[in-house]
Structure formats: C-alpha cells, structure tokens
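Below: one structure, written as structure tokens.
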Amino acid sequence: MITVLPATATDFDTIRSIAYETWPIAYGEILSKAQLDYMLGAFYNDTALKESVSQRGHHFVLANEGNQTLGFASFEWNYDHQKQTKIHKIYILPSAQGKGVGKALIDYIASEARKQGSLALCLNVNRFNKAITFYEKMGFSITSEVNIELEHGYLMEDYVMERPV
2 MITVLPATAT DFDTIRSIAY ETWPIAYGEI LSKAQLDYML GAFYNDTALK ESVSQRGHHF
62 VLANEGNQTL GFASFEWNYD HQKQTKIHKI YILPSAQGKG VGKALIDYIA SEARKQGSLA
122 LCLNVNRFNK AITFYEKMGF SITSEVNIEL EHGYLMEDYV MERPV
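Count along the sequence shown from 1, then add 1; that gives the number in this note's numbering.
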C-alpha cells in the first residue's frame, strides 16, 4: 500500500537521490547533459531545497511503500495569489512508475488543496515530456505555453496544465 506523508529537511537527501535517478530518464532525450546537470545542481542542492520551503512556501511529501520511498512531490498553496495549488515537482522512481504512486501523490495534494480552499491544481510540464499523457489521465488539461529562461542561455519550454480540485 502506498502512503503519502509530509517530508522534512531530513528527507532532502532522499528527494535529491530520487531526482538524480529520475531526471536523466525523464529529460535525457529532451535536454542536453549540460542543462540537465545544471538544473539538478541548481534545484536540488540543500540551499535551494531549504529556500523553497522557508521562503517560497513549498511543501514536500514522500510516497512510501513499506519502508521504501518511491517518489516525492512539492506544492504551494494560493499560487500567484489565486485559489489554486501549484505542483512544483513530482517525480517517481523509474522502477515504481505504473504502480499508482503518481496518482497517490496527486490525490493527496488535491485533498490537502481542498482543505486550504483551492479550486484548482496547476503545474508546468516540459512540452516534450511523456508525462503529459499521465497528467491528462489525471484530469489536467493544457491552458497555456510558457518559456522560462534560465542562466547560461538554458530554456524551459513548458505547458501550463490545470484541473479542478
């Protein structure tokens, strides 16, 4: 059985480990190795993870089966001062994909979002990411496209997707 529980700073090593195992598979055909390495280093170092919680209001959760962590997500209430919850990160170990871990994480976030008065969930997903199909099955639809410029001339080409809670 998959359980979803809040994460703490003591779980950052686990979160980072899952990201480092998942990203090369999720983005290896989409991003250059240099951009992949840059983004992992920028988004998953201890300082960035701590700041996402303490300064940006992100909440991290872990999906566990027994004593094994299979994935994680992070999200933010009242994103952009709206009654919506933004899912900033959701990654599942490649060996655990297809077991309902992503659904369990999204269901948990949706339940918590309702308690906070959110009317919708939103997220960004790379326009070339195969996960788009999963999000559509979970009730998300594409609402817009965004290009986010990063340092070193790197670009994130995303769809914004949304679904009601």
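Note that beta-carbon positions come from the ideal geometry of N, C-alpha and C, so glycine has one too.
Keep in mind that this is a model prediction, so the values were computed, not measured.
Worksheet item: Taking L32 as the reference, which of D159, S55, P165, V166 has the closest Cα?
Response: Nearest option by C-alpha distance: D159.
Worksheet item: Start and end of the beta strand (DSSP E) containing Q98?
Response: No residue range can be given for Q98, since it is assigned to no beta strand (DSSP E) and is classified by DSSP as neither H nor E.
Discussion item. Please state the DSSP three-state secondary structure of I88.
Written reply: Three-state DSSP puts I88 in a strand.
Fill in: Beta-carbon separation (whole angstroms), L37 vs A74, contact threshold 8 angstroms
For a cut-off of 8 angstroms, the C-beta gap from L37 to A74 is around 20 angstroms, too long to register as a contact.
Worksheet item: Can you name the start and end residues of the alpha helix (DSSP H) that E52 belongs to?
Response: Taken as a continuous stretch (DSSP letters only), the alpha helix (DSSP H) holding E52 covers 47-55.
Discussion item. Can you confirm whether the region 44-51 touches the region 112-119 when touching is taken to mean that 3 or more C-beta pairs between the two stretches lie within less than 8 angstroms?
Written reply: Verdict: no, contact absent.
Practice prompt. Give the range of the beta strand (DSSP E) segment to which G42 is assigned.
Written response: According to the DSSP assignment, G42 belongs to no beta strand (DSSP E) but to the alpha helix (DSSP H) extending over 34-44.
Item to complete: Identify the continuous alpha helix (DSSP H) that holds S18 and give its terminal residues.
Response: Taken as a continuous stretch (DSSP letters only), the alpha helix (DSSP H) holding S18 covers 13-28.
Worksheet item: Is it right to say G72 is buried, meaning 16 or more other beta carbons lie within 10 angstroms of its own, or is it exposed?
Response: G72 should be labelled buried.
Practice prompt. Can you tell me which of G140, I19, F13 puts its alpha carbon nearest to the alpha carbon of N46?
Written response: Among G140, I19, F13, the Cα nearest to that of N46 is on F13.
Worksheet item: Can you tell me the Cα-Cα spacing of V5 and S55, whole angstroms?
Response: In a straight line, the C-alpha of V5 is about 21 angstroms away from that of S55.
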